[in-house]
Structures are given as structure tokens and as C-alpha cells.
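Trainee: Residues in the sequence shown are numbered from 1 upward in steps of one, following UniProt numbering.
By construction, the Cβ of each residue, glycine as well, lies at the ideal position given by its N, Cα and C atoms.
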Amino acid sequence: QDYRCDDFVVNDTKLGLVQKVREHLQNLENSAFTADRHRKRKLLENSSLNSKLLKINGSTAALCATGLRNLGNTCFMNAILQSLSNIQQFCCYFKELPAVELRNGKTAGRRTYHTRSQGDNSVSLVEEFRKTLCALWQGSQTAFSPESLFYVVWKIMPNFRGYQQQDAHEFMRYLLDHLHLELQGDFNGVSRSVILQENSGLSTGSRCCINGASTVVTAIFGGILQNEVNCLICGTESRKFDPFLDLSLDIPSQFRNKRSKNQENGPMCTLRDCLRSFTDLEELDETELYMCHKCKKKQKSTKKFWIQKLPKVLCLHLKRFHWTAFLRHKVDTYVEFPLRGLDMKCYLLEPENSGPESCLYDLAAVVVHHGSGVGSGHYTAYATHEGRWFHFNDSTVTLTDEETVVKAKAYILFYVDRQAKSGSDKL
Ligand SMILES: [Zn+2]
1 QDYRCDDFVV
11 NDTKLGLVQK
21 VREHLQNLEN
31 SAFTADRHRK
41 RKLLENSSLN
51 SKLLKINGST
61 AALCATGLRN
71 LGNTCFMNAI
81 LQSLSNIQQF
91 CCYFKELPAV
101 ELRNGKTAGR
111 RTYHTRSQGD
121 NSVSLVEEFR
131 KTLCALWQGS
141 QTAFSPESLF
151 YVVWKIMPNF
161 RGYQQQDAHE
171 FMRYLLDHLH
181 LELQGDFNGV
191 SRSVILQENS
201 GLSTGSRCCI
211 NGASTVVTAI
221 FGGILQNEVN
231 CLICGTESRK
241 FDPFLDLSLD
251 IPSQFRNKRS
261 KNQENGPMCT
271 LRDCLRSFTD
281 LEELDETELY
291 MCHKCKKKQK
301 STKKFWIQKL
311 PKVLCLHLKR
321 FHWTAFLRHK
331 VDTYVEFPLR
341 GLDMKCYLLE
351 PENSGPESCL
361 YDLAAVVVHH
371 GSGVGSGHYT
381 AYATHEGRWF
391 HFNDSTVTLT
401 DEETVVKAKA
411 YILFYVDRQA
421 KSGSDKL
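1) Just verifying my parser: in three-state terms, what is the DSSP assignment at K20?
2) Locate the beta strand (DSSP E) running through A364, then write down its first and last residues.
3) Among H378, L360, C91, D362, whose alpha-carbon lies nearest the alpha-carbon of V368?
4) Taking DSSP as the reference, what is the three-state secondary structure of C269?
5) Could you tell me whether the segment 280-288 touches the segment 132-148, where touching means 3 or more Cβ pairs closer than 8 angstroms?
6) Reducing DSSP to helix, strand and coil, say where N178 ends up.
7) Quick one: what does DSSP say L284 is sitting in, helix, strand or coil?
8) Whole angstroms are fine: how far does the CA of R22 sit from the CA of N11?
9) R328 lies in the beta strand (DSSP E); which residues open and close that run?
10) What does a CB cutoff of less than 8 angstroms around S277 pick up in its chain, not counting 5 residues either side in sequence?
11) What number of angstroms, rounded off, separates the C-alpha of H178 from the C-alpha of I233?
12) How would the residue list near ligand 1 read, in chain order, if you kept each one whose beta-carbon is closer than 6 angstroms to any heavy atom?
13) Closer than 7 angstroms by C-beta to D401: which residues in its own chain qualify, once you throw out the five before and the five after it? Chain order, please.
14) Assign H293 to buried or exposed, taking buried as 16 or more other Cβ atoms, counted over all protein chains shown, within 10 Å of its Cβ.
15) Taking 8 angstroms as the cut-off, decide whether the C-beta atoms of residue 489 and Y347 are in contact.
16) Are A79 and A381 touching if we call contact CB-CB under 8 angstroms?
17) With DSSP as the reference, please indicate the residues paired to F414 in a beta bridge.
18) I need the DSSP call for P98, collapsed to helix, strand or coil.
Set out below in C-alpha cells:
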């Protein structure tokens with residue numbers, strides 16, 4: 001199946017407001033040379049809107065799922081938003097936040113809310129993210145246009161403003177980091193991390209803090225790696241704890257030229273192979289000598305990652321894009337992944353401290369990149385909602401099945417801890 005990113009600014013208002021906002025933001029950047037060229041091309045193409053629009057929300061629209069309109073190569077954002085909207089614990093936290101009108105202090109007893117950047121320029125990523133999540137799964141058959149969320153995204157993350165295709169993983173990291181930062185802002189004098197603890201118990205046992213206090217972002221996605229380095233000369237071991245929100249896994253080199261799922265030439269690459277290559281003992285190159293404090297000089301060493309604490313939602317990013325000389329090229333290998341029961345116990349530093357069911361993860365969503373290059377192609381996402389699988393392709397949402405999902409060439413996988421999932425019903 002071939003997908004293209006081919007819906008342009010179809011959801012603009014009659015006055016062309018989305019286009020104007022983007023143009024305005026883009027004009028603020030003086031280095032808009034290439035973007036300008038892109039925009040002209042897009043406008044030309046736009047003027048001949050094709051009949052593809054008619055298929056949006058046609059007979060293929062599935063149940064209560066709502067699509068997200070493409071605002072000009074924004075499928076990389078749509079795929080991430082649809083994935084996050086199907087991570088129940090994460091999504092529910094935002095949906096339960098009071099709306100911004102309620103936060104203005106009109107309603108007594110409600111917690112008021114201040115963003116980091118209030119004033120004339122006030123924008124709240126949290127608020128727009130909340131509104132977008134609320135719009136999805138409400139039964140609307142019309143695709144939702146996320147322009148006010150993207151307006152904030154474009155404002156605070158200028159690198160995503162252009163019309164060229166962008167990296168969905170990079171966007172997800174920026175989005176989570178900015179949500180985390182904004183959530184750390186004060187909540188009527190009370191730190192949000194305290195609110196979080198009161199409301200959901202999500203932070204209990206969460207020792208993971210990226211840049212200070214814990215938020216729903218770190219409580220859900222945060223895990224801790226132990227990075228163990230051994231000097232090969234004197235044997236001294238040094239340990240360092242690194243918090244993470246996702247793990248970026250290499251597709252092992254022996255599999256990189258395998259493009260198809262058929263097994264004719266050797267074994268198929270599995271997610272286990274990628275996880276193993278990530279956690280295996282690695283001898284560092286001569287170019288990465290390690291400063292040994294005992295030898296007091298740079299020495300050859302080995303490095304090993306252990307997972308010290310697993311997150312509630314394990315986000316695995318397969319490194320499909322690599323730089324070779326001047327070009328970023330894509331590794332198109334099919335990587336087999338389980339829909340249920342990904343067991344992470346063998347990567348844990350202290351597996352004996354975890355219960356029998358505690359390291360099992362079930363897939364909630366997967367982002368797929370279609371096409372050959374990072375600057376082109378198209379992103380879609382598969383996600384499961386109330387026991388069914390859906391395929392989110394911008395405005396179009398279709399019901400699909402497990403057999404289709406397992407065939408996808410995954411780019412980002414979202415696995416939910418089985419115990420955390422059953423525990424979330426109590427929230
Ligand atoms: Zn040493």
C-alpha cells in the first residue's frame with residue numbers, strides 16, 4: 001500500500017486564516033528563502049483542489065474516531081497526536097484539566113492556571129493540546145482541524161514551521177519536552193507535580209525527573225537507564241543514571257538491507273534484536289576513549305546499558321534514518337514486533353525486584369513512515385481503541401485489524417505497561 005502526503009491546506013477558513021497565520025509566522029523568519037518557494041508551489045497546487053477531498057469522512061470513516069486535517073505536510077504531527085490520544089492515562093490527564101476559561105479565576109474553588117509566557121504573547125501548548133485531545137474521540141464524523149494547536153507549535157518550535165516533511169520522532173520529543181516544561185509552571189502557587197500526586201497517584205514510585213519536578217510526561221514516559229562504563233586497562237567501573245522518555249534503537253547492521261518480510265535470505269529482524277543491540281555490551285571505538293579517573297587518562301572501555309526503571313509507557317523509536325556523507329537515507333527493513341506481551345524483564349538491572357506480570361507491555365500505537373526519504377514521504381499511525389485497531393491517515397480514519405498492524409514497518413512504537421493499564425481504571 002502506498003501513501004502520499006497529498007492533502008494541502010484544505011481546511012482553511014474562507015478568509016484563509018490558517019494560511020495567513022503560517023505566512024505571518026514564516027515571514028517573521030527572514031531566512032524564508034526555501035520556504036517561500038515551497039509555499040508558492042503549494043499555493044499553485046492548492047488552486048486546483050482535486051476531488052480527493054470528497055473521500056474525507058466518506059464511508060470509510062470508522063465509528064467515533066475523528067481524523068486530523070493536514071495543514072500542508074503536517075502528517076508527522078497528526079500521526080503523533082493520534083498515537084498520544086490513544087494512550088489513555090496520558091490523554092485522560094489532559095482531558096480532565098479545567099478549560100482555560102475556568103482557569104481565569106471566574107469560578108471560585110477552581111485552581112487557576114498560569115502559563116510560562118502569559119501576557120500579550122500568551123500561548124499555552126497544554127491548553128491547545130487539551131482541546132485537541134478533547135475533540136478527538138467525540139464521535140464527530142468531520143475531521144478536526146488542529147490549526148490553533150499548530151499555531152502554538154509553530155510559535156514555540158520554529159523549526160517545525162516550514163512546509164517540508166519533518167521527522168515525527170523529533171516532533172514528539174519537542175512536544176513532550178515543551179508540555180513537560182509548561183506543566184512545571186506554577187498552578188496557583190501549588191506545584192503541578194503535587195496536583196498530579198493528589199489526583200492520580202501517577203507519581204508514586206516515580207523517581208524520574210527530567211529537568212526538575214515530575215509531571216504527567218515524566219510520570220508516564222519517564223524511565224531510567226544505567227549507563228555502565230568499564231575501563232579495559234584497570235577494570236574500574238563507573239555508573240551513571242540517565243533518565244529517558246523514549247529509547248532510540250538501531251536496526252542491527254546485518255538486517256539493514258532486508259526490505260521485505262519474506263524470510264528467504266536469513267532470519268527476520270525482530271524488535272528483540274534491536275533491544276538486544278541497544279543493551280549489549282559494546283566496546284567503544286578508539287575515537288570514543290573514556291577518561292578513567294583511576295588511570296587518570298583516556299582509555300579504551302566497554303559500555304553497557306541496563307534499564308534501572310521501566311516507564312509506564314515504553315516508547316521505542318527505531319532509527320530508520322541515517323546520515324551517509326551528505327544524504328540522510330532510510331533503512332526500510334521490516335522489524336517484527338509483538339502486539340501483546342513484550343517482556344522487558346531481561347533488560348532490567350534488578351529483575352528480581354519486579355513482580356511476575358510487571359514487565360509485560362502491550363502495543364497501544366505505532367507510527368509508520370511511508371516513502372524513501374526523511375524530507376519526503378508520509379506518516380500515518382495505527383492505534384488501538386476499546387479493543388479495535390484503527391488506521392489514522394490525516395483526515396481519514398479506517399477500521400483495521402491486527403494482521404494489518406503487524407505488517408507495518410514501524411517507526412515509533414508505544415507500549416503500555418499491562419499492570420499500569422489495569423491500574424488506570426481506578427483513576
Ligand atoms: Zn582505568
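Mentor: Judging by the given coordinates:
1) Your numbering for residue 20 matches position 20 in the sequence shown. Helix at K20.
2) Reading the sequence shown from its first residue, position 364 is the one you call residue 364. A364 -> beta strand (DSSP E) spans 360-370.
3) The count along the sequence shown starts at 1 and reaches residue 368 at position 368. Per the Cα distances, H378.
4) By 1-based counting over the sequence shown, the position of residue 269 is 269. C269 falls in the strand class under three-state DSSP.
5) Result no; under three Cβ-Cβ pairs closer than 8 angstroms.
6) Counting from 1 along the sequence shown, the entry for residue 178 is found at position 178. What sits at residue 178 in the sequence shown is His, not Asn. Note: H178 maps to helix in three-state DSSP.
7) Indexing the sequence shown from 1 puts residue 284 at position 284. It is coil, neither helix nor strand.
8) The residue labelled residue 11 in the question sits at position 11 within the sequence shown. The residue labelled residue 22 in the question sits at position 22 within the sequence shown. Note on N11: pLDDT 49, under 50, position unreliable in the model; the coordinate value appears next. Their Cα atoms are separated by approximately 14 angstroms.
9) Locating residue 328 in the sequence shown gives position 328, where the first residue counts as 1. First-last of the beta strand (DSSP E) with R328: 327-330.
10) For the purposes of this step, residue 277 is taken as residue 277 along the sequence shown, with counting starting at 1. L249, D250, P252.
11) As a first step, residue 178 must be located in the sequence shown, where it is residue number 178. As a first step, residue 233 must be located in the sequence shown, where it is residue number 233. If you take the alpha carbons of H178 and I233, they lie about 43 angstroms apart.
12) Qualifying residues come out as C231, I233, C234, T236, C292, K294, C295, Q299.
13) On the sequence shown, residue 401 is found 401 positions in, with the first residue counted as 1. Excluding sequence neighbours, D401 sits near W389.
14) For the purposes of this step, residue 293 is identified with residue 293 of the sequence shown, where counting begins at 1. Result: exposed.
15) This structure cannot speak to residue 489, because the chain is shown only from 1 to 427.
16) Counting from 1 along the sequence shown, the entry for residue 79 is found at position 79. Counting from 1 along the sequence shown, the entry for residue 381 is found at position 381. A contact, by the Cβ cut-off of 8 angstroms.
17) For the purposes of this step, residue 414 is taken as residue 414 along the sequence shown, with counting starting at 1. C315, A365.
18) For this step, residue 98 is matched to residue 98 along the sequence shown. Three-state DSSP puts P98 in coil, outside helix and strand.
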